[in-house]
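> In this note's numbering, the protein residues as written are 201 to 1039. Glycine is no exception: its CB is placed at the ideal position from the N, C-alpha and C atoms.
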Amino acid sequence: MAVGTRARFVPSRYHLVLVMVTSTAAAVTAICLTRLPQTAEPVSWYRLTLGIVCLAIGPIPLLRVRSGHHTGDYDLSEASVVIGLALLPAPQLVTISAVVVPIMHAILRRAPVKVLFNGASATLGTAIAAGVLWLSGGRAGHLEGAEILLAAPAGLTVCLWTSLSVSMVISAARGTPLRRTLRETMGISTLIAAGGIAVGCAAVALAYTSPVTLIVLPPVLVGLVMVYRMQVDSAQQRDRWRQLNAAAKDLAILNRAAIEARATEIAYEIFRPDGVELVVDPVPPPVSQSPVPPAPVPPAPAARPAGSATGSPTGFQRGTDHVATPLTGPAGQVGVLRLNFARPAPWKDHDQAVLAAFANLLALAITNANTYAEAHDQAFHDALTNLGNRRMLQRRTAEAIAATATGSRSALLLVDLDRFRDVNDTLGHDAGDQLLRGIAERLRRGVRAGDLVTRIGGDEFAVLLTGIRDADAAETIAATLTRVLARPVGVEGMMLSVEASIGIACLPEDGDTVDELLRRADVAMYQAKRTHGGYRRYRADEDSSTLAHMALMADLHDALDHGDINLCYQPQIDLETGRIVAFEALVRWNHPVLGRLSPDAFIGAVEQSGRIGDFTRTVLREALSAAGRWHADGARVGISVNLFARNLLEPGLATEIAQLLLANRLSAAALTLEITERAVVTESAATVRSLAALRDLGVRLAVDDFGTGYGALNVLGQFDLHEVKIDQSFVHNVAGDRANSAIVRATVALAHDLGLRVVAEGVDDAETLNALSALGCDLAQGTFISPPCPAEEATALLRDAGRLATPRSADVLPFRRPTGERAGGAPSVRRAYPATDGR
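(1) Under a Cβ-count criterion, where at least 16 other Cβ atoms within 10 Å of its own Cβ denotes burial, should residue 430 be classed as buried or exposed?
(2) Since residue 294 contacts residue 327 with CB under 8 Å, what's their CB separation in whole angstroms?
(3) Please list, in chain order, all residues of the same chain as residue 631 whose beta carbon is under 7 Å from its beta carbon, the five residues on each side excluded.
(4) Whole angstroms are fine: how far does the CA of residue 455 sit from the CA of residue 399?
(5) On the criterion of 16 or more Cβ atoms from any shown chain inside 10 Å, does residue 1006 qualify as buried, or is it exposed?
(6) Report the start-end ranges of each alpha helix (DSSP H) in the segment 543–575 that is 4 residues or longer and not cut off at the edges.
(7) Classify residue 608 as helix, strand or coil using the three-state DSSP reduction.
(8) Please report the straight-line C-alpha distance between residue 364 and residue 599, rounded to a whole angstrom.
(9) Please state whether the Cβ-Cβ distance between residue 329 and residue 354 is less than 7 Å.
(10) Flag this pair as yes or no: are the beta carbons of residue 527 and residue 563 separated by less than 7 Å?
(11) Would you say the beta carbon of residue 814 is closer than 6 Å to some non-hydrogen atom of the ligand MN?
(12) Can you tell me which of the three DSSP states residue 529 falls into?
(13) Straight-line CA distance for residue 760 to residue 593?
(14) Taking 7 Å as the threshold (C-beta atoms), are residue 653 and residue 643 in contact?
(15) Evaluate residue 445 with the Cβ neighbour count: other Cβ atoms within 10 Å of its Cβ, from every protein chain shown; 16 or more gives buried, anything less gives exposed.
(16) Go ahead and pull the three-state DSSP assignment for residue 492.
(17) Within this structure, are the beta carbons of residue 720 and residue 712 separated by less than 7 Å?
(18) Any chance you could list the beta strand (DSSP E) runs of at least 3 consecutive residues sitting entirely within the segment 242–311, in chain order?
(19) Can you name the residues that DSSP bridges to residue 1040?
(20) Span of the alpha helix (DSSP H) holding residue 856?
(21) Alpha carbons only, please: which of 781, 798, 734, 738 is nearest the one belonging to residue 764?
(22) Write down every uninterrupted run of the beta strand (DSSP E) in the segment 919–971 whose length is 3 residues or greater and which is fully enclosed by it, in chain order.
(23) Run the CB neighbour count on residue 207, radius 10 Å, all protein chains shown included, and call it buried at 16 or more, exposed below.
(24) Do you know offhand how far residue 978's Cα is from residue 776's?
(25) Report all residues from its chain with a CB closer than 6 Å to the CB of residue 890; omit the five preceding and five following residues, and keep chain order.
(26) For residue 738, which of helix, strand or coil comes out of DSSP?
(27) Where do the ends of the beta strand (DSSP E) carrying residue 582 lie?
(28) Which one of 840, 357, 680, 566 has the shortest CA to CA distance from residue 335?
(29) Is the segment 955–967 touching the segment 800–808, taking contact as three or more C-beta pairs under 8 Å?
(30) Short of 6 Å in beta carbon distance, which residues of its chain neighbour residue 319, apart from the five on each side in sequence? Order them along the chain.
(31) What is the residue span of the alpha helix (DSSP H) that residue 631 lies within?
(32) Short of 7 Å in beta carbon distance, which residues of its chain neighbour residue 589, apart from the five on each side in sequence? Order them along the chain.
(33) Answer yes or no: do residue 772 and residue 782 have a C-beta to C-beta separation smaller than 7 Å?
(34) For residue 489, I'd like the list of residues in its chain whose CB is within less than 6 Å of its CB, leaving aside the five on either flank, ordered along the chain.
(35) On the CB-based measure, 16 or more other CB atoms within 10 Å of its CB, does residue 725 come out buried or exposed?
(36) Find out if the Cβ-Cβ distance for the pair residue 538, residue 524 is shorter than 7 Å.
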């Protein structure tokens, strides 16, 4: 809640102004009383009566206007003074004013202090006007003809004095600068005073010319009041809509506290109340939380001035001391705005329209700020556990790193759950989610109040310990968390035991960047997993590959830029015909120091280098170039290329491949893209779009290392694939291992039923090759058939195998068998699949 109020009472200054004005008025009145017997000519009774009547009518309010923080009752005081100067001498006029004006204010039920002050101010104003008239060459009580015009400056003096005295009191009471208060009251006061002076001079002139003509004065006076009212209303309307337009820009911010503060200021500027009260609903908690709902802001009635009468047909309403309006945004009521007035102030339909428009602007600004706050909160929180996420961890860790300059110590704990995958596979993801929420709650309770607990992966958590004494304190907390997490957790009526491994990296000794701390905590966590120790502090001697790995990543950039990445090709043979039908492109790196490196030595560096796209484009470019040469020579063999999972996130992948196929005059069916099973089951929107684009292009898709990922056999039914590559871990010893043989047989049968081709990799001997043929595999590759070789040797293999225009004398393949015949003489039934060479 934001409440804005103005100080309305400063006793010392306020009383000083009152005492000064009233004492001066009393002194002037006393002087005038002493001058009454000295009047040269007695005043006639009708002049005296008219003077008293005019001075009594003067304070009656004809128009109430709120200017700034001041609500003013504007009357014809200046006109009554001008007429009085024409009728009565100065001593009588001042004395009558000192008596009549306070009486009239008392009759109008003004507060006693205002009765006293207004009477004193009117007395001084009348005396000052008489003095100005005397200085101008006129004499009070003897104005005739052109001398009547001399009363105009005197009347203007009354206006100036009244504005000054009222501004002094308001400034003293509110504690605001006098200059600001004068600006708020002078403009409209001067305009109304000019009309009053004109009325007074006209009345005197008409009285001297022909008293009968005074009958036209009341209609003129009524018309003048109406014109004033219209002019004031029009000016205020223009100002308020202009201020409202500026408010729309001022409230276009997303910080709710700033919106509340600025809205309070704008409400003061537009409506000029004595107090502003803004009550706003609290920001709703994140969706994942389930706290006791906060008490809502009580709904405000439709905005209508309290204690006021219903608006009249002219749109005018009586004064009100407070107005309340609900703040209703697109999502419902978000708060209440109240305007409080120290005294009843005029409130019209136009005021209500401006207030409603301002309330709508304010409600929309608060709604937008709430939406932004919720989105910001979600961006830094994990929706499942309501813990912080990786982004929050990075931000808070960066702050901890900056705090090391002041001597603060921190530690990062990386927590990974052991055997969590078994829970998901056995009980389902709902049970896994429930377990994760339970683990998150235990971690939250197991650390200190100022520590940060975050979830940064599927079953991976991180804890940032700040303000610790030393590394031993971090290990003590890690030991506590290990014991806490080792206790069984109740999930769906069962008690599950899921232990954790914790890696510790301390700041500043173990790293001075966020990424470095995370990586080293990860290294320590895997050391804890290997040793089954529960937790482990990072040790540089156990991270011996760090420098070599960083150097390898640096060398990789040079290798990609200078063409040191090249390919070898391993043939895939058709087990029916024994002929080469395709090659798999395998990457090799000719490292200047380490020599020829196989993919196992540098694929990790490729994944961390940020140049996966460049690496894949290099491989595709060289592989399709070799296949294009073979096709040009008459060998219609296919080419297989491996993709990273991250390649599928590139929106232009299919377009780039299409351009390379066109450049090498290859059909799309000649290219097979091998994707790991884990990448296939990652059903992100970008992955699904990439796979669909590649299928539309006509490229063949194969799932590589089948059987080793998370998807198992259901992958084959979920995605529109063309080929399955059985991982070599199942192919090894398939002839002598009944389990591997059964797995391969089941995979082949399922793939053929789905219309997929089956490729077995890792064939190292003749027994394995014959066993795969008997089990129904379509293609095979391995060192027994041919090890990976450069493009020139692959071309020679094609010639030897009779696939080129100039074949050599013998087929390099180790065996030949008539089509349809299996080992053991049993004929086989094979499911048809498209040939890569288009025949």
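In short, the structure shows the following:
(1) The residue in question, residue 430, is exposed, as its Cβ has fewer than 16 Cβ neighbours within 10 Å.
(2) Cβ-Cβ separation between residue 294 and residue 327: approximately 5 Å, consistent with a contact (criterion under 8 Å).
(3) Excluding sequence neighbours, residue 631 sits near 623, 691, 692.
(4) One Cα belongs to residue 399, the other to residue 455, and the distance between them is close to 54 Å.
(5) In this predicted model, residue 1006 has a pLDDT of only 39, less than 50, meaning its place in the structure is not dependable; the value taken from the coordinates is given anyway. Looking at its Cβ environment, which holds fewer than 16 other Cβ atoms inside 10 Å, residue 1006 is exposed.
(6) List check, alpha helix (DSSP H) in window: nothing returned.
(7) Under the three-state reduction of DSSP output, residue 608 falls in the coil class, being neither helix nor strand.
(8) It is roughly 57 Å from the alpha-carbon of residue 364 to the alpha-carbon of residue 599.
(9) Going by C-beta atoms, residue 329 is nearer than 7 Å to residue 354.
(10) In contact: residue 527 and residue 563 (Cβ atoms closer than 7 Å).
(11) Ligands in the displayed structure: none, and consequently the ligand MN is not present.
(12) Strand at residue 529.
(13) Pairing residue 760 with residue 593, the inter-Cα distance amounts to about 34 Å.
(14) Cβ atoms of residue 643 and residue 653: closer than 7 Å.
(15) Around the beta carbon of residue 445, fewer than 16 other beta carbons sit within 10 angstroms, so the residue counts as exposed.
(16) Caution applies to residue 492, whose pLDDT of 38 falls short of 50 and renders its modelled position unreliable; the model cannot decide the point.
(17) Residue 712 is positioned such that its CB atom lies no closer than 7 Å to that of residue 720.
(18) The segment 242–311 contains these whole beta strand (DSSP E) runs: 263–267, 270–274.
(19) Absent from the model: residue 1040. The displayed extent of the chain is 201 to 1039, so no value can be given.
(20) Taken as a continuous stretch (DSSP letters only), the alpha helix (DSSP H) holding residue 856 covers 853–863.
(21) Minimum Cα distance to residue 764 is reached at 798.
(22) Along the segment 919–971, the beta strand (DSSP E) occurs as fully enclosed runs of 3 or more residues at 923–926, 957–961, listed in sequence order.
(23) Note that residue 207 scores a pLDDT of 41, beneath 50, so its modelled location is shaky and nothing firm can be said.
(24) If I take the Cα positions, the gap works out to 7 Å.
(25) Excluding residues within five positions, the ones whose Cβ falls inside 6 Å are 848, 853.
(26) Here residue 738 sits in coil by DSSP.
(27) No beta strand (DSSP E) holds residue 582; DSSP gives it neither H nor E.
(28) Ranking the options by Cα distance to residue 335, first place goes to 357.
(29) Result no; under three Cβ-Cβ pairs closer than 8 Å.
(30) Spatial neighbours of residue 319 in its own chain (CB-CB distance under 6 Å, excluding positions within 5 residues in sequence) are listed in chain order as 301, 302.
(31) Its alpha helix (DSSP H) spans residues 629–646.
(32) The beta carbon of residue 589 lies closer than 7 Å to those of 580, 581, 582, 654, 655, 656 in the same chain, with the five residues before and after it left out.
(33) Against a cut-off of 7 Å, the Cβ pair of residue 782 and residue 772 comes out as a contact.
(34) Because residue 489 sits at a pLDDT of 38, beneath the cut-off of 50, its placement in the model cannot be relied upon, and the point is left open.
(35) Burial check for residue 725: the Cβ neighbour count within 10 Å reaches 16 or more, so the residue is buried.
(36) It is a contact, given that the beta carbons lie within the stated cut-off.
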